[in-house]
Amino acid sequence: MPSVPTLAIASAALIFITLSAAMNALFLSSLGRTPVETVMLGVLSLAADTAKAVLPVVFARSIRLRAFGQTIGAALMLVIVMALSLASGTGFAAMTRGAATSAHEAERLSRAAKEQELRAIDARLALMPVGLPVAVIEAEIARASADRRWGLSKSCTDLASAALRQFCAGHLSLTVSLAAASARERISAERAALIIALTSKATTLIDADPQATAVAALTGLDASKIRRLLSVAFAATLELGSVILVLLLTGPAVLKWRDPDAPAELWPARLPQSTDVTRWRRQQGKFGFGMRREASNDNG
Numbered sequence: 041m042p043s044v045p046t047l048a049i050a051s052a053a054l055i056f057i058t059l060s061a062a063m064n065a066l067f068l069s070s071l072g073r074t075p076v077e078t079v080m081l082g083v084l085s086l087a088a089d090t091a092k093a094v095l096p097v098v099f100a101r102s103i104r105l106r107a108f109g110q111t112i113g114a115a116l117m118l119v120i121v122m123a124l125s126l127a128s129g130t131g132f133a134a135m136t137r138g139a140a141t142s143a144h145e146a147e148r149l150s151r152a153a154k155e156q157e158l159r160a161i162d163a164r165l166a167l168m169p170v171g172l173p174v175a176v177i178e179a180e181i182a183r184a185s186a187d188r189r190w191g192l193s194k195s196c197t198d199l200a201s202a203a204l205r206q207f208c209a210g211h212l213s214l215t216v217s218l219a220a221a222s223a224r225e226r227i228s229a230e231r232a233a234l235i236i237a238l239t240s241k242a243t244t245l246i247d248a249d250p251q252a253t254a255v256a257a258l259t260g261l262d263a264s265k266i267r268r269l270l271s272v273a274f275a276a277t278l279e280l281g282s283v284i285l286v287l288l289l290t291g292p293a294v295l296k297w298r299d300p301d302a303p304a305e306l307w308p309a310r311l312p313q314s315t316d317v318t319r320w321r322r323q324q325g326k327f328g329f330g331m332r333r334e335a336s337n338d339n340g
């Protein structure tokens, strides 16, 4: 039964190889312009990842068997497929990180624009006078329109007397107040909608790529360079990890391999030893008596 470390290494190797194959196939297939090219590039990526999983074992086996021709061929092919996988993995990581970074940046810019719009609305509201609510002003206008002076002035178009002029001035003032109150109410509704949009998320996006920003602050490098280095490091970890884990998993079996045409190795045989000391001494005594008896016969 395999040990726990062996099962852990096998699981990790399977995960690494599967993720690498999926990432590389997705990236290479995205470069195809037609469905046929997409399928061909995907199959090529899967073939390269399959070879990448097998070639480390072939390389180690050829070294064990001293087949240096196979060693050179396996090493060359392994370098080629690893370079292809590393390039594909780096492209996939960069594409994924770029998409996430762009989405975060767009969201951050949208939030900043809404915050700026909210400040502009607050400034406009501060300049607008605070009057009666719209409903109260509308009620006052309705009451004034029911006044007989409204009819006498023909809806404030015939100002024949001072009383009618005073009445129509008050009516006009109510109309102006209604327009201002309606505008303030509309702007207040826009402000409330902006506040709801800004508070809909629990956290505020500080940066589009916090990881790259933090590493850039520690190293003093540009954040764009850090993003590229992180993408390469991610792909290299996945590719090298899959190869190393395969070697760790198959290492014990590789060490036991031998050339089938080579002669069998000779091992010294160990004679069985008896733990019965009394029996051993008895056997030795019998052997000694026989020797003395043969010696006495020769003398006779």
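Everything in the sequence shown is counted per my numbering, starting at 41 for the first residue and increasing by one. Yeah, the Cβ is synthetic: ideal placement off N, Cα and C, and Gly gets one too. From a predicted model like this one, the values you see are computed outputs, not experimental measurements.
Environment of residue i [buried if 16+ CB atoms lie within 10 Å]
i: Ala-219; result: exposed
i: Pro-45; result: exposed
i: Ala-128; result: Reading off the sequence, residue 128 comes out as Ser, not Ala. Counting Cβ neighbours within 10 Å, Ser-128 comes out buried, since at least 16 surround it.
i: Thr-259; result: exposed
i: Glu-147; result: exposed
i: Phe-329; result: Unreliable positioning characterises Phe-329 in this predicted model, as indicated by a pLDDT of 46, which lies under 50. A coordinate reading is not provided.
i: Ser-228; result: exposed
i: Ala-65; result: buried
i: Ser-240; result: exposed
i: Leu-261; result: exposed
i: Ser-69; result: buried
Pairwise C-alpha distance: residue j and residue i
i: Val-119; j: Leu-71; result: 23 Å
i: Ala-53; j: Ala-276; result: 15 Å
i: Arg-231; j: Asp-162; result: 8 Å
i: Ala-186; j: Pro-173; result: 20 Å
i: Lys-265; j: Met-168; result: 50 Å
i: Ala-242; j: Ile-236; result: Any answer about Ala-242 is weak, because its pLDDT of 47 lies below 50 and its placement is not dependable; what the coordinates show is given next. Spanning the two alpha carbons is a distance of roughly 12 Å.
i: Ala-252; j: Ser-150; result: 21 Å
i: Leu-165; j: Arg-205; result: 32 Å
i: Leu-192; j: Ala-202; result: 13 Å
i: Val-216; j: Ala-152; result: 35 Å
i: Ala-121; j: Gly-109; result: It should be noted that the sequence gives Val, not Ala, for residue 121. Cα-Cα distance, rounded: 19 Å.
i: Val-83; j: Ile-57; result: 15 Å
i: Leu-280; j: Gly-291; result: 16 Å
i: Ala-48; j: Ala-160; result: 59 Å
i: Leu-105; j: Leu-269; result: 39 Å
i: Val-97; j: Leu-278; result: 18 Å
i: Ala-107; j: Leu-289; result: 22 Å
i: Val-76; j: Arg-101; result: 37 Å
i: Glu-225; j: Gln-156; result: 20 Å
i: Phe-67; j: Leu-158; result: 42 Å
i: Cys-196; j: Ala-209; result: 9 Å
Closest Cα partner of residue i within the set the options
i: Glu-145; options: Leu-270, Ala-248, Val-272; result: Ala-248
i: Arg-188; options: His-211, Leu-105, Gly-109; result: His-211
i: Gly-171; options: Glu-155, Leu-214, Ser-185, Asp-162; result: Leu-214
i: Gly-131; options: Val-272, Ile-284, Val-98, Thr-290; result: Val-272
i: Phe-207; options: Ile-235, Glu-180, Met-117; result: Glu-180
i: Ser-85; options: Ala-100, Met-63, Pro-75; result: Met-63
i: Gly-233; options: Arg-164, Arg-205, Ser-282, Lys-154; result: Checking the sequence, you will find Ala at residue 233 rather than Gly. Measuring from the Cα of Ala-233, the nearest candidate turns out to be Lys-154.
i: Ala-139; options: Ser-195, Gly-82, Arg-267; result: Arg-267
i: Ile-284; options: Gln-156, Leu-66, Phe-99; result: Phe-99
i: Ala-134; options: Phe-274, Leu-278, Leu-288; result: Phe-274
i: Ala-91; options: Lys-194, Ala-114, Ser-69, Ala-107; result: Ala-114
i: Thr-141; options: Lys-194, Ala-257, Phe-67, Pro-250; result: Pro-250
i: Ala-263; options: Thr-111, Thr-74, Arg-137; result: Arg-137
N- and C-terminal bounds of the alpha helix (DSSP H) containing residue i
i: Arg-73; result: Here Arg-73 belongs to no alpha helix (DSSP H), and DSSP marks it neither H nor E.
i: Ser-185; result: 174 to 185
i: Cys-208; result: 202 to 238
i: Pro-250; result: 250 to 259
i: Asp-198; result: Taken as a continuous stretch (DSSP letters only), Asp-198 belongs to no alpha helix (DSSP H), as it is neither H nor E.
i: Arg-189; result: 188 to 192
i: Ser-128; result: 108 to 167
Minimum Cβ-Cβ distance from residue i to chain D less than 8 Å
i: Thr-253; result: Considering every chain present, this structure includes no chain D. It has just one protein chain.
Beta carbon of residue i nearer than 8 Å to that of residue j
i: Leu-221; j: Ile-177; result: Note that residue 221 corresponds to Ala in the displayed sequence, not to Leu. Yes, the pair counts as a contact, with Cβ atoms nearer than the cut-off.
i: Val-255; j: Ala-93; result: no
i: Ser-282; j: Ser-60; result: yes
i: Leu-95; j: Met-117; result: yes
i: Ser-51; j: Asp-89; result: no
i: Ala-182; j: Trp-190; result: no
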